[in-house]
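Residue numbers (numbering that gives the first Met the number 0), protein chains in the order written: chain C, 0 to 283; chain D, 0 to 416. Ideal placement from N, C-alpha and C gives every residue a C-beta, glycine not left out. Note that the structure is predicted; figures quoted are calculated from it, not measured. Encoded as structure tokens, the structure appears first; notes follow it.
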Amino acid sequence: MALPKYTEPHYRIWHYVYLTICAAVFFFLIAPLFVIFPLSFNAEEFLVFSDGMKRLDPDAFSLRWYKDMIYGTKNPWGLATKNSFIIAIFATIGSVILGTVAALGLSSRHMPYKGLIMAVLISPMIVPLIISGVAIFFFMAKAGLAATHLGIILAHIILGTPFVVITVTATLSGFDHSVTRAAASLGSNPVNTFMKITLPLILPGVISGGLFAFVTSFDEVVVVLFLAGLENTTIPIQMWTGLREQLSPTILAVATCLIILSTLILVTAELLRRRSERLRGINR
Amino acid sequence: MSSETQKILTTDGIPLEVSLKKAERRNKIKAFLLVAPLLFFIIITYVFPIGDMLMRSVDDKMVTEMLPKTFKAMEKWDGKELPEEEVFAAFHSDFIKLVEEKREGKLSTQLNYTKNGFKSIIKKLRRKSKSFEEGNYKEQIMAVHKRWANVEYWQAIKRRAPAYTGQKYLKGMDMFKNENGEIVSVPEDRRIHRVLWLRTLEIAFFVTVFCFLMAYPIAHLLATLPMKYSNLLMICVLLPFWTSLLVRTASWMILLQQQGLVNDFFVGIGLVADDNRPEMMFNKTGSYVAMTQILLPFMVLPLYSVMKTISPSLMRAGKSLGGTPFVAFWKVYFPLTIPGIGAGCLLVFILAIGYYITPALVGGASGTLISNQIAFHMKSTLDWSFASAMGLMLLTGVLAIYWVYNKLVGIDNIKLG
């Protein structure tokens, strides 16, 4: 942001102060994530930068914590990773199907009690997680689903659908309904119209909602803490236990992998958002 | 040929009005059927269980079921002086049955909640009751321990007669019902819950303020920079947003530890002595710093989406009409961003007030919030009805804020990413 030449000196100073403040805030936001990278390659067991690391001595770095993460004896990460992916994938599929179908109904102008129903559907996102955790635990315990994969998947569908409903209704708000009417007038049945016309057009919204649902499930710890037994341990539970007991460098290796995963998800989400805006003809 | 009074008919001969209404209704049903699966799923697995929490939080049937005859006999008792033989006989009969079922321990725990001192006298009663003779139970029970002859203990039992109670809610606010049925506060040194509620509000409020102060300048920068720079900077906001909460908490645990980088930095610039490094974690500071960074994106995004819609020509117009840049900002730009400020602040406040994971890890004893207390009662003391009561008190607060949010910005306007 170049300033015009006629800017008075004190505004010029203020402008640089403002830029400095912004830089500091950006630093505060992003820097903590980058502490994890180098420390996860630490050759020693301590979670501080060793003198060797400060000198960039190659011997001070190692992959030992990554090896420990993958091959370590009685390590829980293999089971946790498997569980996390199974739960997150099924929860995402469930959320996307239920959420997309519901969003189609909600976007219809014939929908009765729209506000009220929307409020109920979004409520799991607004209610503090601890309360959701307690309530869902009571339900699952009664239904005999506590400490089962199915119970956790259902719980994560509850938490994930609001995101799908919100993103898909947002995509549908710019949707031109005359194309579905055109399809119907050409003799297509509603299911065929949805699969061939509507779905391809709202797909970016559906996928980005699905990404939210996936991340919600993959990162969810409060509800799982109430529901999971030993067999259902997930990555967040293992991290939670590890952080509570002793912060080991292995956790940082896992954290690094998670940061890489979230970067991939971010890039996908951004690309989808842009594609969706282009498809809906929103130019910026 | 048809006159104007005649109704317009469709080709089937049905009046158009009727036909339209039918189609309208069919469309309504169609739309509702699409929403129905998710709606019923959420109602059954989520809304009803929250209702279940409400039932649990006021449920006090346990003692009512354990002493049915006693409470029946107590109906006639005025509760001023020691009850008649009839009550003692009924209590004895209930108690014998409990001992047979080995449930007298539960009774003593429950009654001890109401009044301290029941545990030992119930144990004693169980031992002595084996050699009780038939008849004249009043004297025999009173002879077991002098507390059984004290009317206060019988009053305490009577207080447990109703099947429903609000006492868990009172306990959540550090209050209780005393012998005379008045609602009073517990002694000042035992008011743990009020401290927690106040601390939760305090931390949520200040985290919101810090987030606002930090988010406003960068949201403004993001909204005014050319697209190619702002997209790059947006990543700095979105990457933390998408990164696991536990990862971000872990990074703060590393940074804030006593030998951590933040302390290293303070020592380096000479702010603190090397042998006197301050504790920045496991206290309120830890909660403040970590929660502010974690919730910051939730403030930036709504602010950004509002600022993006403000035309830069408005500021130029303000300046050209003689305002200094500061006046133009304060009188023109700032008022236009108020919807974004409202949305961001309420979003952050709602999230902060129910925070659990981060305070539990970096908050220590002085930085934990009400959510931690709920989890504690769910997992450690297993007092689920109290956890439910506290959860519902928190929920009421959040819903009130949410209602305001809905009035101000509308729930459809929540923007994600």
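My assumption, with CB atoms under 8 Å, is that residue i sits in contact with residue j. Please give the rounded CB distance.
| i | j | result |
| --- | --- | --- |
| residue 27 of chain D | residue 111 of chain C | 6 Å |
| residue 396 of chain D | residue 352 of chain D | 7 Å |
| residue 125 of chain C | residue 401 of chain D | 5 Å |
| residue 178 of chain C | residue 201 of chain C | Not really, about 11 Å apart at Cβ, beyond 8 Å. |
| residue 324 of chain D | residue 318 of chain D | 6 Å |
| residue 423 of chain D | residue 82 of chain D | Outside the displayed range of chain D (0 to 416) lies residue 423 of chain D, so it cannot be described from this structure. |
| residue 242 of chain C | residue 249 of chain D | 6 Å |
| residue 288 of chain C | residue 230 of chain C | For residue 288 of chain C there is no data in the structure shown, the boundaries of chain C being 0 and 283. |
| residue 207 of chain D | residue 347 of chain D | 5 Å |
| residue 160 of chain D | residue 70 of chain D | 4 Å |
Answer yes or no: do residue i and residue j have a C-beta to C-beta separation smaller than 9 Å?
| i | j | result |
| --- | --- | --- |
| residue 102 of chain C | residue 163 of chain C | yes |
| residue 41 of chain D | residue 99 of chain C | no |
| residue 132 of chain C | residue 225 of chain C | yes |
| residue 233 of chain C | residue 223 of chain C | yes |
| residue 220 of chain D | residue 17 of chain C | yes |
| residue 313 of chain D | residue 279 of chain D | no |
| residue 28 of chain C | residue 296 of chain D | yes |
| residue 143 of chain D | residue 106 of chain D | no |
| residue 137 of chain D | residue 87 of chain D | yes |
| residue 298 of chain D | residue 222 of chain D | no |
| residue 251 of chain C | residue 46 of chain C | yes |
| residue 156 of chain D | residue 113 of chain D | yes |
| residue 304 of chain D | residue 339 of chain D | yes |
| residue 366 of chain D | residue 202 of chain D | yes |
| residue 360 of chain D | residue 13 of chain C | no |
| residue 153 of chain D | residue 104 of chain D | no |
| residue 275 of chain C | residue 186 of chain C | no |
| residue 168 of chain D | residue 236 of chain D | no |
| residue 24 of chain C | residue 182 of chain D | no |
| residue 127 of chain C | residue 404 of chain D | no |
| residue 261 of chain C | residue 238 of chain D | yes |
| residue 109 of chain C | residue 29 of chain D | yes |
| residue 394 of chain D | residue 130 of chain C | yes |
| residue 189 of chain C | residue 181 of chain C | no |
| residue 247 of chain C | residue 171 of chain C | no |
| residue 158 of chain D | residue 120 of chain D | no |
| residue 122 of chain C | residue 212 of chain C | no |
| residue 253 of chain D | residue 259 of chain D | yes |
| residue 88 of chain C | residue 38 of chain D | no |
Going by DSSP, which residues form a beta bridge with residue i?
| i | result |
| --- | --- |
| residue 111 of chain D | None, per the DSSP bridge assignment. |
| residue 141 of chain D | Residue 141 of chain D is not bridged to any residue. |
| residue 163 of chain D | D/58 |
| residue 14 of chain D | D/8 |
| residue 205 of chain C | Answer is none; residue 205 of chain C lacks a bridge partner. |
| residue 183 of chain D | D/175 |
| residue 41 of chain C | C/60 |
Contact the region 205-215 of chain C vs the region 41-61 of chain C: 3+ CB pairs below 8 Å | no
Any contact of the region 263-278 of chain C with the region 377-394 of chain D, i.e. 3+ C-beta pairs under 8 Å?
-> no
Contact set between the region 94-118 of chain C and chain D, restricted to residues whose Cβ is under 7 Å from the partner = 97, 98, 100, 101, 103, 104, 105, 107, 109, 110, 111, 116, 117 and 118
Could you name the residues of the region 385-408 of chain D whose beta carbon sits closer than 7 Å to any beta carbon of chain C, in the order they occur along the chain?
-> 386, 387, 390, 393, 394, 397 and 401
Stretch pair the region 143-157 of chain C + the region 179-197 of chain C: three plus CB contacts closer than 8 Å | no
Pairing CB atoms from the region 250-259 of chain C with CB atoms from the region 35-51 of chain C, are three or more of them under 8 Å?
-> yes
If you pair each beta-carbon of the region 67-80 of chain C with each one of the region 134-141 of chain C, do three or more pairs fall below 8 Å?
-> no
Report the residues of the region 245-272 of chain C with a CB closer than 8 Å to any CB of chain D, ordered along the chain.
-> 246, 250, 251, 254, 257, 258, 261, 262, 264, 265, 268, 269 and 272
Residues of the region 263-281 of chain D with a CB closer than 7 Å to any CB of chain C: list them in chain order, please.
-> none
Where the region 248-262 of chain D meets chain C: residues whose CB sits under 9 Å from a CB there = 248, 249, 250, 251, 252, 253, 254, 256, 258, 259 and 260
Residues of the region 366-379 of chain D with Cβ closer than 9 Å to any Cβ of chain C, in chain order = 369, 370, 371, 373, 374, 377 and 378
Which of the residues in the region 120-149 of chain C, read from start to end, lie with their CB under 9 Å from any CB of chain D?
-> 120, 121, 122, 123, 124, 125, 126, 127, 128, 129, 130, 131, 132, 133, 134, 135, 136, 137, 138, 139, 141 and 142
Counting Cβ pairs, one atom from each stretch, are 3 or more of them under 8 Å apart for the region 313-332 of chain D and the region 230-246 of chain D?
-> no
Three-pair Cβ contact test at 8 Å for the region 365-377 of chain D versus the region 184-197 of chain D | yes
Could you list the residues in the region 21-34 of chain C with a C-beta less than 7 Å from some C-beta on chain D, going in chain order?
-> 21, 24, 25, 27, 28, 29, 31, 32 and 34
For the region 45-65 of chain D, which residues have a beta carbon sitting closer than 8 Å to at least one beta carbon of chain C?
-> 45, 46, 47, 48, 49, 51, 52 and 55
In chain order, what residues of the region 157-188 of chain D put their CB closer than 7 Å to some CB of chain C?
-> none
Within 8 Å of chain D by C-beta, residues of the region 209-223 of chain C in sequence order | 211, 214, 217, 218, 220 and 221
For the region 31-58 of chain C, which residues have a CB atom closer than 9 Å to at least one CB atom of chain D, in sequence order?
-> 31, 32, 33, 34, 35, 38, 45, 46, 47 and 48
In chain order, what residues of the region 225-243 of chain C put their CB closer than 9 Å to some CB of chain D?
-> 225, 234, 235, 238, 239, 241, 242 and 243
Positions along the region 2-21 of chain C whose CB lies within less than 7 Å of some CB in chain D | 10, 17, 20 and 21
In chain order, what residues of the region 290-321 of chain D put their CB closer than 9 Å to some CB of chain C?
-> 291, 292, 295, 296, 299 and 307
What residues from the region 75-90 of chain D come within 8 Å of chain C, judged by C-beta to C-beta, listed N to C?
-> none
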